[in-house]
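Novice: Just so you know, full-length UniProt numbering puts 132 at position 132 of the sequence shown, and the rest follows in order with no gaps. In this text, a Cβ means the ideal position worked out from N, Cα and C, and glycines have one as well. It should be emphasised that the depicted structure is a prediction, and the values quoted were computed from it without experimental measurement. Next up is a structure, given as C-alpha cells.
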Amino acid sequence: MILVCAAPARADQTIDGVAIASEVTQGPRTLKLVGAGVRTKFVFRIYVAALYALEPSQDARRLIEGPGARRLHLQMLRDVDSATLEEAMHDELKANHSADDVRALTPAIERLSQLLKTTDRLHEGDTIDLEIDAGAVAILYNRQNKGRIDDPRLPAALMRVWLGDNPTQTSLKQALLGLR
C-alpha cells in the first residue's frame, strides 16, 4: 500500500536553483537521496531529477529491481506540454524494453498516460513525483495525488527509463546513481 504523504526534508544542496533534500518521507518511511542531476535536451535544461530510496545504492540494477520504496522527484525548469512528456516517456519505455514487454505493460502505460494528461501543460517550477512501493506507482503532480497504478512490472519499467541500459540521458543516470 502506498501512503501519499510526500514531505521533503530540509534542502541540503541546490541544482539549478532547485533545493534537493538529503531525505524525504514517503508514508511512514524516510527515503535517502541516492543522487540528483539535470535532464537536458539539446541546449535546453528540462528538469532537475532526484532519486530517493529506502536502501540507497549506486547499483542501477538493485534500484531498478529492488523491492524497497523509491521516489523519483522531477522539478520542471521550463514549460513543457504534457503530450511531449507523455511521448518521451513512451519512447524511453520502448528503448528499454522488448516489444513483448511493452505489450504486457500496455494497460499500465495507458493508465500512466491518463494520469500525465490530467494537466495540459507543466510549468517551470511544477513537480512530478513517482512514488514506488510494493508493486505499484503513485503519481503526484505538485504534491497532489493524481492516482496509483497497481502493476508489479511497472516500478522496474519506469526505473529503467532513467537507470536502464538505454537511459533517457547517460549523464543523468550517472548523477541519479550518485556517481557524478
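With distances taken from CA atoms, which of Q144, D133, E110 is nearest P28?
Specialist: When only C-alpha atoms are compared, the closest one is D133.
Novice: Cβ-heavy atom distance between T170 and the ligand FAD below 7 Å?
Specialist: Ligands displayed in this structure: none; no statement on the ligand FAD is therefore possible.
Novice: Would you call the CB atoms of R111 and I149 closer than 8 Å?
Specialist: Cβ atoms of R111 and I149: closer than 8 Å.
Novice: Who pairs with H123 in a beta bridge, going by DSSP?
Specialist: Looking at the DSSP assignment, H123 forms no beta bridge with any residue, so it has no partner.
Novice: With a threshold of 16 other CB atoms inside 10 Å of the CB of H123, please say whether the residue is buried or exposed.
Specialist: The residue in question, H123, is exposed, as its Cβ has fewer than 16 Cβ neighbours within 10 Å.
Novice: What would DSSP say about R61, mapped onto helix, strand or coil?
Specialist: Three-state result, R61: helix.
Novice: In terms of DSSP beta bridges, what is M76 paired with?
Specialist: Y47, per the DSSP bridge assignment.
Novice: Among the candidates D126, A104, K173, V161, whose CA atom is the shortest distance from the CA of D151?
Specialist: The shortest Cα separation from D151 among D126, A104, K173, V161 belongs to A104.
Novice: Between R180 and the rest of its own chain, which residues show a CB-CB distance below 6 Å, the 5 nearest in sequence each way excluded?
Specialist: Result list for R180: Q174, in chain order.
Novice: Nearest to T40 by alpha carbon, out of E23, D16, V34, Y141?
Specialist: Closest option to T40, Cα to Cα, is D16.
Novice: Between L54, T14, Q58, which has its C-alpha nearest G37's C-alpha?
Specialist: Checked all of L54, T14, Q58; the closest Cα to G37 is T14.
Novice: Apart from the five residues just before and just after A108, which ones in its own chain have a Cβ nearer than 6 Å to its Cβ?
Specialist: Correct list, in chain order: I149, D151, L154.
Novice: Going by DSSP in three states, Q169 sits in which element: helix, strand or coil?
Specialist: Coil at Q169, not helix or strand.
Novice: Could you say which of F44, Y52, R160 lies nearest to S22 if we only look at CA atoms?
Specialist: It is Y52 whose Cα lies nearest to the Cα of S22.
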